[in-house]
Each structure stands twice: as structure tokens, then as C-alpha cells.
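K.L.:
My questions will all concern the structure given below.
Chains as they are written, first to last, in my numbering: chain W, 5 to 372; chain S, 5 to 372.
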């Protein structure tokens, strides 16, 4: 969206981001034009003591995985952390308050919406509302996903109950030995379906936007064809590979599928339904009447989710909802692995091995 | 409910049913006291011509399987057929009208509810409302189940489009050879689970009331434990045996089961949830946060529906919703067969063989 220069200086990566110099923050032309006002606002109010509280909070956020407004995380930005500390004065005060945050909690440092809370809730639809002190029409927490917010609240309670350094510096995860991974998969008894393709060239925010959108679209397709989806996730090292994970009750469904027809009272719809299904070679039994409507049991189009996914992803036109670059990636490479078949990739890609280990553990690292 | 004598006279079974002799039908003491008034009403209005129309209708109803108000059928009584003909004058007129019957159609021969149709719909909640000419507070069609009504409507349309003797005298069903039954089951790819027990001593209306109630209760249990139920049915010869049929996507489910916990905002519920599942040996992964709530993946209690059913039915206390006599029957005998295992019973019980053949065909005999 915005042009900028990235440079390496003394071992640090530094972004130079140009913006318009404005008189007031409510006259923004590009979205980064607010930044100097944010800096000014925080600098003029922060003290040496609160600086340390901010540092504590940011490290806590990073430790529990809720730090960063980028699409991949959908968490709390640095500026948001600063505003929260200015409002609650200290890290522990914030955690105590957050433990009891309600749906659409409003944090309004400058009191723009005092006695007009309902207006704020209507204007900002997001799960957490932190009114920007320099622009009352903006929610500083607009990037915070419900899940990250919930994790922060839950971690805050756990920390207050039982404070520990591990919230700030979680123990590094070690990938499980492949035998352990296979044992765990077998114990679950599900079908873990992995879709692997090549990485696409895009900045991280664009890449992860496309990955999450594609994940939702594929999950929807899987459900639409009658499969029971237990959990899904996506991994990418952003450079070489992408792997989507879909965990199903079973990769297979029975041949027969019950198809609901029209209510008997809809005379013409019934006529069409009977004409279509009577004597069709897809009909396995029926049509018959159940309650007040026609139903038919017919042959299912896809009884194996692997066949469904291959057919869908190898045919560009049918990739409804899948982001265009991801769709193209699938056309150039698509590997489908079920359960044990992930072994080779697991053994050769440590970052993916970490991801799958955490997936199977399925528990935040701070939770004990 | 009502005492009566059954006798064999000249090869006919005759029921002698005592009742109170009353001045007027709205002073009924027992439910059969209305019968003499019904007889009087019909006799005084029926002609030689309409008698034949009634006979046509009754034979049609029997042919398509909607004749009889007994619990097993839930269809149209003889008196109801007579009232319908008195109202519509002829068999074909009735079929033409029925083809366009709407939800809660009102047939009110004496016009008790003229311009008060909404009162009638509130008083009678059933899918078809035929006001009793001799007692305006009674719906003659109260025993007609939605499914039988829908079948009658659908058959009426088909008959008018393409009249045929088979509506009155359907071709007798021949049980399929067992090899064909097994082939059909295999082609469906489902798990057909048969629960067989001994017949219970009860008059048919009581027996079928108990059978249908038990069928619903068992189906509910199967669904509650997460199995996908496609179709269910029940058969009995009323003398020796009862067989319930439950057809599932699969008799097996994976070990892992996703269990939804409380929303993160409910602080105390979360506390309890975490205490219960953290470190429980039933927990396979998690707890973790999904959206705004805790979830956990844990070991499923029953991964095989056969085990679920045996455990439930062989333990009287847990048979919630199953009729008491059926529950007792299961305690004295319970055989569970899946797919091919029904073979022996199929080969030795022609009435059951007919039932299963029709089940697998799943299509009304009049529908071609």
C-alpha cells in the first residue's frame, strides 16, 4: 500500500517510511500520517517509570503471542500497548482490569465518548475499542482479532494467579521425534490432510491475508461437501513453502448422501424434483417423503476428501474464494499428504516441524 | 383404554365395543360414545353413488398406505374418508382439491368456523383440520401424521396425472435375494445397525406407541454421542420379534472429540473448565482458545456405536426415553447386527425380509 525503504544499519533492520507533514491528525492523507502525532502524544505524557511498564507489557505480549498488528498475528501494536499503559498506569493494573474486560470494552483516554458509549460501540464494531487520542474516529485496537484479545485476557488472569517468567520468555518448543508425531496422530484417530504448495512472492501482510482467506475458503468447500472438519490451520516460512492443514473426522464419507427436496406443498418444485431424481442413475434409493418434504438418497460426488481437494485446486475456475496468488501456486504445485505421509517434509523442514508439534499440543505455551 | 370383546364369526373378526347411549354428541363420557352419532350422521347423508366414492377412496388409501387411524399407520380413519367424500362429493374431486391443500387446510362440513378460520387453527394444532360435524370441538383428522398427509397429497397428484390400478392394488413386494441385499448395503457404504429383541405383550396401539417412542429416544442418544444418523426405522410382527434399524455414516468415530468450553469472558466458568481439563488423562490436546471461547480436544467416550448401544440398552437406568416394556425386552434379549450380520434373520423371517427390501428401495410403491 505504502512505499518505504528497508535498510540494514549496524545489524538492525530499519524501515524509512515517508509521510505527509500535517497541521492536525484528523487531516490525514495516507494512513502513516498519524504516526508523528502518535509519537508526539506518547512522548509528551510518558515518564521513566511508565516507559518500563510499557516494556514489560510488550515483552509479555510477545511472550504469549499477541504482540503485533500485522495480519499474521492480528494482535496488539506498539502504540496500542503505550496507550493501554497511559490509561491503566501500570502493567499489573492493566492485567487486573483486562481480566474483567467485557464484550466491546471501551478505553477512551481523552474521554471523547463519555456518556456516549453506545455511539462508540456502533461506530467501532471490533471486539476491543481503544479510541485514538489524536483522532477520535479511529480505533487503535481495530487490528486485534477476537482470538488474540481472548488469549490476552486469559493469560492476564493466569499470570496474576501464578506469576512466572515463562509468560515473558516461554521455553522454546522442541519438535517431537517423528515416531512421537505418528503415535499422536494415530491416537487421535482423525485424518490430518496436508496441502503443500510453493510460497508466493508478496509482502507478509499480503501473503498472510491471502493464506487466511484461502484457508477459510477451502474449509468451507470441505464442509459444503459433507465432511466433518475438526480443526484447520496454515503454515508458511514466507520464502519457500506453504502448508494448509485440515483435520477431519475421516477423509472418507459413505457413498450414499441424503438430499433434501422441496416441501410437498410446493407442487411445481415437487414435479421438477421427481422428474430429476426418479430413474436418475445417481439415485440409490427413493425419492420418498419424510415429514412434509421429499427426500432422495443419491450417490455422493466425492467420497474421499483428497479427490475433492485435488479436483478443486487443480482446476482454477472452481477455486471460489481462494486468493488468486495461492490459487496459481496450487496450479504449479500441489502435494496432498494424509497423516503419516507428512513424514518426509516434517523431517526436512524444522520450522514446519515446530508448527506441527505445537498444533498437536494445541495448548498455549503459558498455560500450565 | 376401552374394554371390548373380539370374536370370530363366519371367518370375520368382529369387535363388540360397548358405549354410553347419549342425547347429544357433545356430552361424551368415553371416546367411543361419539360413534353412534357418526354413524347416524353419515347414514342420513350418504347416497348409493357416494357410497361407491367412499369405497374407492378407502381402497386408494389402503393401496398407498395411508389408511387407518391406528398408531402404527397414523393415517385416515374410515369416518374421515366418509366426511371427505361428503364434503368433496366425489373421489376425483377430493384428489384434485387435496393436490393443492395448504398447511392446516380446514374442512368444515357444517360451517362451524366460517369466518373464524384462525380460531380453528389455534384450537387444532394438527397438519390437517377436519371439523367433526357432530362435535365442533373435535378434529376428525387429529390422528393423521404430517408424513401420511404428505403422502396422500403427493399420491393424489400422481394419480390424477397418470391414473393406474396400482394405486389401489400395488404389486406385492418380493423380498430380494440375500446376495442382492448385501450388494445394496455395500453400495450405500453406510453402517446399518440392527437392534433385535423379543416382542412385548401389548395391544397394537400400545405396542407401536412404545416402538416409535423408543426409536426416537435411541436416535437421540446416537446423535447426542456425535454419530451421523442417516435414517432409522422399526419393524415388528407384533408376536415374536422387534427390530430397530439405525443407518449411520459410519459405526465408528475418531477417538478425538472437540469439546466447547465457556466464553473467555465468563471468568469463573473458565476457571472450572481449566481445572477440569488441564492434566486430565482424557485430554488429547489443549485446552486452547478458539475465537472467544475455550475448547479442548479429549477422548471420546464411545468410538463404536455398537458399544454405545449395548452399554445403554443393557443398563436399564440409562435408557432415558425408551418405553418401559421395550426397555425390559432389551434386558432379556438384545442382539446387535451390523450390515451383513443381519443375514440369518433375513433368511428366516419373510416379514422382516419384506420390510428390509422396502427400506432399501426407500420409495413409495405407487411412485414410478
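Each residue gets a CB set at the ideal place from its N, CA and C atoms; glycine is no exception. As the structure is a computational prediction, the values presented were derived from the model and not from experiment.
(1) Can you tell me the Cα-Cα spacing of residue 248 of chain W and residue 235 of chain W, whole angstroms?
(2) In the structure shown, what three-state DSSP assignment does residue 20 of chain W receive?
(3) Just verifying my parser: in three-state terms, what is the DSSP assignment at residue 142 of chain W?
(4) On a CA-only basis, which of S:293, S:155, S:129 and S:152 is nearest residue 143 of chain S? Give me that one, please.
(5) Among W:291, W:241 and W:283, whose alpha-carbon lies nearest the alpha-carbon of residue 264 of chain W?
(6) Can you list, in chain order, the residues of the segment 93-111 of chain W whose Cβ is nearer than 9 Å to any Cβ on chain S?
(7) Using a cut-off of 7 Å between C-beta atoms, extract the partners of residue 268 of chain W located in chain S.
(8) I want to see whether chain S comes within less than 9 Å of residue 194 of chain W, judged by CB atoms only; does it?
(9) Please return the same chain residues whose Cβ sits closer than 6 Å to the Cβ of residue 341 of chain W, not counting the five positions on each side in sequence.
(10) Can you tell me the Cβ-Cβ gap for residue 98 of chain S and residue 92 of chain S, rounded? I've got them flagged as a contact below 8 Å.
(11) Does the structure place the segment 268-288 of chain W close enough to the segment 180-200 of chain W that three or more beta carbon pairs sit under 8 Å?
(12) What number of angstroms, rounded off, separates the C-alpha of residue 365 of chain W from the C-alpha of residue 103 of chain S?
(13) Just the C-alpha distance for residue 318 of chain S and residue 331 of chain S, rounded to the nearest angstrom, thanks.
(14) Grab me the residues of residue 149 of chain W's own chain with a C-beta within less than 7 Å of its C-beta, minus the 5 sequence neighbours each way, in chain order.
(15) Whole angstroms are fine: how far does the CA of residue 300 of chain W sit from the CA of residue 171 of chain S?
(16) Would you tell me roughly how many angstroms separate the C-alpha atoms of residue 193 of chain S and residue 20 of chain S, rounded to the nearest one?
(17) Is residue 200 of chain W helix, strand or coil when you go by DSSP?
(18) Which residue or residues does DSSP assign as beta-bridge partners of residue 10 of chain W?
(19) Answer with yes or no whether the minimum CB distance from residue 181 of chain S to chain W is below 9 Å.
(20) Go ahead and pull the three-state DSSP assignment for residue 244 of chain W.
(21) Beta-carbon separation of residue 241 of chain W and residue 219 of chain W under 9 Å?
(22) Could you check whether the Cβ of residue 191 of chain S sits closer than 9 Å to any Cβ belonging to chain W?
(23) Tell me which residues share the same chain as residue 347 of chain S and place their Cβ nearer than 7 Å to its Cβ, disregarding the 5 neighbours each side in the sequence.
(24) Compute the Euclidean distance between the alpha carbons of residue 325 of chain W and residue 221 of chain W, then round it to the nearest angstrom.
(25) Beta strand (DSSP E) containing residue 262 of chain W: first to last residue?
(26) DSSP state of residue 334 of chain S, grouped into three classes?
(27) Quick one: using the 10 Å Cβ neighbour count with 16 as the cut-off for buried, is residue 205 of chain S buried or exposed?
(28) Any idea which residues DSSP pairs residue 133 of chain S with across the strands?
(29) Would you mind sorting residue 136 of chain S into buried or exposed? The rule is 16 or more other CB atoms within 10 Å of its CB.
(30) Quick check: residue 252 of chain S and residue 284 of chain S, are their CB atoms within less than 9 Å of each other?
(31) Suppose contacts are defined by Cβ-Cβ distances below 9 Å. Is residue 293 of chain W in contact with residue 151 of chain S by that definition?
(32) Going by DSSP, what residues sit across from residue 287 of chain S in a beta bridge?
(33) Grab the span of the alpha helix (DSSP H) containing residue 341 of chain W for me, first residue to last.
(34) Note down the Cα distance separating residue 76 of chain W from residue 303 of chain W, rounded to an integer number of angstroms.
(35) For a cutoff of 9 Å on Cβ pairs, would you count residue 174 of chain S as touching chain W?
(36) When you compare only the Cα positions, how much space is there between residue 359 of chain W and residue 239 of chain W?
P.N.:
Taking the geometry as given:
(1) Sequence index remark: in the first chain, residue 248 of chain W carries index 244 (1-based). Sequence index remark: in the first chain, residue 235 of chain W carries index 231 (1-based). Cα to Cα, residue 248 of chain W sits roughly 11 Å from residue 235 of chain W.
(2) For the purposes of this step, residue 20 of chain W is taken as residue 16 along the first chain, with counting starting at 1. The three-state reading of DSSP puts residue 20 of chain W in strand, counting E and B together.
(3) Numbered from its first residue, the first chain carries residue 142 of chain W at position 138. Shown here, residue 142 of chain W sits in a strand according to DSSP, grouped into three states.
(4) Locating residue 143 of chain S in the second chain gives position 139, counting from the first residue. Nearest of S:293, S:155, S:129 and S:152 to residue 143 of chain S, Cα basis: S:129.
(5) Taking the first chain and counting its residues from 1, the one referred to as residue 264 of chain W is at position 260. Of W:291, W:241 and W:283, the residue nearest in Cα terms is W:291.
(6) Going along the segment 93-111 of chain W in chain order, one finds 103, 104, 105, 106 and 107 with a Cβ nearer than 9 Å to chain S.
(7) In the first chain, the residue the question calls residue 268 of chain W occupies position 264. Chain S residues near residue 268 of chain W: 154, 157 and 158.
(8) Working through the first chain from its first residue, we reach residue 194 of chain W at position 190. It does; some Cβ of chain S falls within 9 Å.
(9) Within the first chain, residue 341 of chain W is the residue found at index 337, counting from 1. Correct list, in chain order: 198.
(10) As a first step, residue 98 of chain S must be located in the second chain, where it is residue number 94. As a first step, residue 92 of chain S must be located in the second chain, where it is residue number 88. 4 Å between Cβ atoms; contact.
(11) Because the criterion of three Cβ pairs below 8 Å is not met, the segment 180-200 of chain W and the segment 268-288 of chain W do not touch.
(12) Counting from one through the first chain, the residue named residue 365 of chain W turns up at place 361. Counting from one through the second chain, the residue named residue 103 of chain S turns up at place 99. If I take the Cα positions, the gap works out to 59 Å.
(13) Numbered from 1 along the second chain, position 314 holds the residue referred to as residue 318 of chain S. Numbered from 1 along the second chain, position 327 holds the residue referred to as residue 331 of chain S. Cα to Cα, the separation comes out at about 9 Å.
(14) One-based indexing of the first chain puts residue 149 of chain W at position 145. The answer, listed in chain order, is 78.
(15) Residue mapping note: residue 171 of chain S aligns to position 167 of the second chain, counting from 1. Residue mapping note: residue 300 of chain W aligns to position 296 of the first chain, counting from 1. Distance between the alpha carbons of residue 171 of chain S and residue 300 of chain W: 21 Å.
(16) What you label residue 193 of chain S is simply residue 189 of the second chain in a count that begins at 1. What you label residue 20 of chain S is simply residue 16 of the second chain in a count that begins at 1. CA-to-CA, the gap between residue 193 of chain S and residue 20 of chain S works out to about 51 Å.
(17) As a working note, residue 200 of chain W is residue 196 in the first chain. It is a strand residue.
(18) In the first chain, residue 10 of chain W corresponds to position 6, counting from 1. Residue 10 of chain W is bridged to W:19.
(19) The residue given as residue 181 of chain S occupies position 177 in the second chain. Chain W contact via Cβ: absent.
(20) Taking the first residue of the first chain as position 1, residue 244 of chain W is located at position 240. In the displayed model, residue 244 of chain W falls within coil according to three-state DSSP, outside both helix and strand.
(21) Counted from its first residue, the first chain places residue 241 of chain W at position 237. Counted from its first residue, the first chain places residue 219 of chain W at position 215. No, the pair does not count as a contact, with Cβ atoms beyond the cut-off.
(22) Along the second chain, one-based indexing puts residue 191 of chain S at 187. Taking a beta-carbon distance threshold of 9 Å, residue 191 of chain S counts as an interface residue toward chain W.
(23) Locating residue 347 of chain S in the second chain gives position 343, counting from the first residue. Cβ-Cβ distances below 7 Å link residue 347 of chain S to 182 in the same chain, with the five nearest sequence neighbours on each side left out; the list follows chain order.
(24) Sequence index remark: in the first chain, residue 325 of chain W carries index 321 (1-based). Sequence index remark: in the first chain, residue 221 of chain W carries index 217 (1-based). Roughly 5 Å between the two C-alpha positions.
(25) Start at 1 with the first residue of the first chain, and residue 262 of chain W comes out as number 258. Taken as a continuous stretch (DSSP letters only), the beta strand (DSSP E) holding residue 262 of chain W covers 260-267.
(26) Within the second chain, the letter at position 330 stands for residue 334 of chain S. It is helical.
(27) For the purposes of this step, residue 205 of chain S is taken as residue 201 along the second chain, with counting starting at 1. So residue 205 of chain S counts as exposed.
(28) Within the second chain, numbered from 1, the residue matching residue 133 of chain S stands at position 129. Answer is S:110.
(29) Along the second chain, read from residue 1 onward, the residue named residue 136 of chain S stands at position 132. Under a 10 Å Cβ-count criterion, residue 136 of chain S is classified as buried, with 16 or more other Cβ atoms of the shown protein chains found around its own Cβ.
(30) Start at 1 with the first residue of the second chain, and residue 252 of chain S comes out as number 248. Start at 1 with the first residue of the second chain, and residue 284 of chain S comes out as number 280. No, they are not a contact pair.
(31) Looking up residue 293 of chain W in the first chain gives position 289. Looking up residue 151 of chain S in the second chain gives position 147. Contact: yes.
(32) Mapped onto the second chain, residue 287 of chain S falls at position 283. Beta-bridge pairing links residue 287 of chain S to S:302.
(33) Counted from its first residue, the first chain places residue 341 of chain W at position 337. Run containing residue 341 of chain W: none in the alpha helix (DSSP H); it sits in the beta strand (DSSP E), 339-342.
(34) Reading the first chain from its first residue, position 72 is the one you call residue 76 of chain W. Reading the first chain from its first residue, position 299 is the one you call residue 303 of chain W. Their Cα atoms are separated by approximately 40 Å.
(35) To locate residue 174 of chain S, count along the second chain from 1; it is residue 170. No, residue 174 of chain S does not count as interfacial toward chain W.
(36) Here the question's residue 359 of chain W lines up with position 355 in the first chain. Here the question's residue 239 of chain W lines up with position 235 in the first chain. Straight-line spacing of the CA atoms in residue 359 of chain W and residue 239 of chain W works out to 7 Å.
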